[in-house]
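Notes follow the structure.
Residue numbers (my numbering): 14 to 633.
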């Protein structure tokens, strides 16, 4: 058993010597290289002399050693052979060592054949020295690395013994860093759900079995902390593993998702507490999409609602794909200002224009569209909070319906080639004003395809996103920080969840689909999550017990709130696309079409008439 209690302090004298060596790495490395060169050449001469010490030509040996030593140190410096970083040598360093050994030996051979050199060194001696010094140099590197790891493992009683879950590439890299760096972690055991890895070991740490054995492993060996090193695992697996580990009463830490360790730099410094987002959805790898980069290369892209949760991530990912120009549009001045600052800092080469304005202001929209003539428009501006829109139905209709109509019509009249509405699952069989307004907004966008066939109109529909302004996770977080009970509207209420980066990436991929022409795309949100279970998870992650009626209160469904959301209606059929997790929705039967009275009301800005259509959609 490896633990803190049985650790022995290394003698003080060795401690001081080791510390001096680590703080004078260049001097120590140069001395070691010099000793290796002298020892190797002496051994080569001795071998050449049939191991007869008496016949060794000592004068020749001293002169040859000095010449070879000067050559080796010069070549090593020129080819950047590691001096102060032996713990981090890799395959490239070994290749450079081979090149340095060969170059040094060839130069030495040439020097000893030079007429001014007093004697010639036999080729067999040079060959033996080449092999032996190379071998001893590699041996020195490995010995130094092992000694450092041993020293750190033995000397640090403050180090925490950790059980690492995940024996993949990330787990291997993490354990390697723990052993090589003074991060305060000491790996003592591994678990992995892959049965083929059971019984294997990584850097001497054994894989003892799958995650179901976590309690038995901790009962057998001393473990201070559990570390999850599975950055590519889906949220469902993370949730299951965390539930297995919670009964151990040990702190649990986790590596961030694969999107945050894309460069492969896995270190213990990246470990953090488990967050609720890890249990619901993990950020994807956000990289430029080749098709989108090509499509946007010379185009202007306009994003409405650019200061919101979805809109701000849209502009980030669009900027990553190098558009010709990006126009960000929102009425919220302060958050838009911060998005503007972020984009200018992260993408200094981006041609960026920031416009403060409302999507319900036809004059402002005309000015913007005529001036910048965007080829792409992503319409994310909307009012989305159900309870507020129940109390302010006119504003929901004005922004979500009339605003969508004005943006779509003005964009199409000014040469827009692709218009994408960001929609919501609340538009399916709507039970509230917000959902009904978005359902009508979808109809508006699909009708625009008939009026402006040269432009490709479509909507992308999805459920809740994690961390968006006013959503349930930030609400629960605020309640926990205040010490208030978590408020759940119904014991059985469920919602779909997806991370914002993931949703936006799928929106962008959907926007390039030829099938998204007069159609609605639906994102695969996975399985719905019971909000009461979400509350329990957040309490557990905060170290609190679940007590219904005390720290969790059932408040009852709010006006317009549904027990379960839907992503598609009964009169829609889902068709697969070439993009994973994106489907196109088509009506099962011929749609009744877009009411001409609604079109007239929208064209005239008759808000009361539009509101009647929204109310009718709600009742139907």
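Beta carbons are placed, not taken as given, at the ideal position from N, Cα and C, and that holds for glycine.
Take residue 203 and list the residues in its own chain whose beta-carbon comes closer than 6 Å to its own, dropping the five residues that flank it on each side. Residues of the same chain with a CB within less than 6 Å of the CB of residue 203, apart from the 5 flanking positions on each side, are 177, 180, 218, 220 in chain order.
Please name the residue in 108, 136, 397 whose C-alpha comes closest to that of residue 323. Ranked by how close their Cα comes to the Cα of residue 323, the residues 108, 136, 397 have 397 in first place.
Based on the DSSP secondary-structure assignment, which residues constitute the bridge partners of residue 600? Bridge partners of residue 600: 585.
Quick one: grab the DSSP three-state call for residue 432. Secondary structure at residue 432: strand, using DSSP grouped into helix, strand and coil.
Out of curiosity, what's the CA-to-CA distance linking residue 263 and residue 499? Looking at the two C-alpha atoms, the distance is approximately 25 Å.
Cα-Cα separation between residue 513 and residue 628, rounded to whole angstroms: Taking the straight line from one Cα to the other gives about 30 Å.
Contained alpha helix (DSSP H) runs [length at least 4] in the stretch 322-399, N- to C-terminal order: Taking 4 residues as the minimum length, the alpha helix (DSSP H) runs contained wholly in the stretch 322-399 are 322-333, 346-359, 375-385, in order along the chain.
Contiguous alpha helix (DSSP H) assignments of at least 4 residues, all confined to the stretch 514-555: Here the runs fully enclosed are 544-554.
Whole-angstrom distance between residue 151 and residue 173, CA atom to CA atom: Whole-angstrom Cα-Cα distance: 32 Å.
May I ask you to report which of helix, strand or coil DSSP gives residue 559? Note: residue 559 maps to coil in three-state DSSP.
With DSSP as the reference, label residue 22 as helix, strand or coil. Unreliable placement is indicated for residue 22, whose pLDDT of 42 sits below 50; no coordinate value is reported for it.
So, residue 524 versus residue 473, is the Cβ gap smaller than 9 Å? Remark: C-beta atoms of residue 524 and residue 473 approach each other more closely than 9 Å.
What would DSSP say about residue 92, mapped onto helix, strand or coil? It is coil, neither helix nor strand.
Residues sharing a beta bridge with residue 73, DSSP: According to DSSP, residue 73 shares a beta bridge with no other residue.
When the Cα of residue 427 is compared with those of 198, 462, 468, which residue comes out closest? With distances taken between Cα atoms, residue 427 lies closest to 468.
Helix, strand or coil for residue 313, going by three-state DSSP, please let me know. Strand.
Whole alpha helix (DSSP H) elements within the stretch 200-288, 4-residue minimum: Contiguous alpha helix (DSSP H) elements confined to the stretch 200-288 occur at 227-233, 248-259, taking only those with 4 or more residues.
Looking at C-alpha atoms only, which residue of 481, 630, 536, 560 is the closest neighbour of residue 595? Nearest to residue 595 by C-alpha distance, out of 481, 630, 536, 560, is 536.
Cβ atoms of residue 573 and residue 444: under 9 Å apart, would you say? Yes, the Cβ-Cβ distance between residue 444 and residue 573 is below 9 Å.
Around the C-beta of residue 212, are 16 or more other C-beta atoms found within 10 angstroms, so that it is buried, or is it exposed? Exposed, because fewer than 16 other Cβ atoms sit within 10 Å of the Cβ of residue 212.
Where does residue 540 land, buried or exposed, given buried means 16+ other C-beta within 10 angstroms? Exposed, by the Cβ-count rule.
Please identify the residue among 266, 223, 233 whose C-alpha is closest to the C-alpha of residue 239. The candidate whose alpha carbon is nearest that of residue 239 is 266.
If you draw a straight line from the alpha carbon of residue 554 to that of residue 257, how long is it in whole angstroms? Separation of residue 554 and residue 257 (C-alpha to C-alpha, rounded to the nearest whole angstrom) is 13 Å.
Would you check if the stretch 371-379 and the stretch 322-336 touch, i.e. whether three or more CB-CB distances between them fall below 8 Å? With the cut-off at 8 Å, the stretch 322-336 and the stretch 371-379 do not touch.
When the distance is taken between beta carbons, is residue 531 closer than 9 Å to residue 470? Cβ atoms of residue 470 and residue 531: closer than 9 Å.
Starting from residue 478 and walking both ways along the beta strand (DSSP E), at which residues does that stretch end? The continuous beta strand (DSSP E) containing residue 478 extends over residues 477-479.
Compute the Euclidean distance between the alpha carbons of residue 395 and residue 409, then round it to the nearest angstrom. Spanning the two alpha carbons is a distance of roughly 8 Å.
First and last residue of the beta strand (DSSP E) that includes residue 566? Residue range 565-567 is occupied by the beta strand (DSSP E) that includes residue 566.
Euclidean distance between Cα positions of residue 400 and residue 507: Here the alpha carbon of residue 400 sits roughly 17 Å from the alpha carbon of residue 507.
Buried or exposed, going by whether 16 or more other CB atoms sit within 10 Å of the CB of residue 630? Here residue 630 is buried, its C-beta having at least 16 other C-beta atoms within 10 Å.
Let me make sure I understand the geometry here. Which of 140, 385, 413 has the alpha-carbon closest to that of residue 367? Ranking 140, 385, 413 by Cα distance to residue 367 puts 385 first.
Could you please give the first and the last residue of the uninterrupted beta strand (DSSP E) stretch that includes residue 472? Where residue 472 is concerned, the enclosing beta strand (DSSP E) stretches over 469-474.
Bridge partner(s) assigned by DSSP for residue 174: BP columns for residue 174 point to 199.
Compute the beta-carbon to beta-carbon distance between residue 255 and residue 287, rounded to the nearest angstrom, for a pair I have assumed lies under 8 Å. Going by Cβ atoms, the distance from residue 255 to residue 287 rounds to 6 Å, so yes, they are a contact pair.
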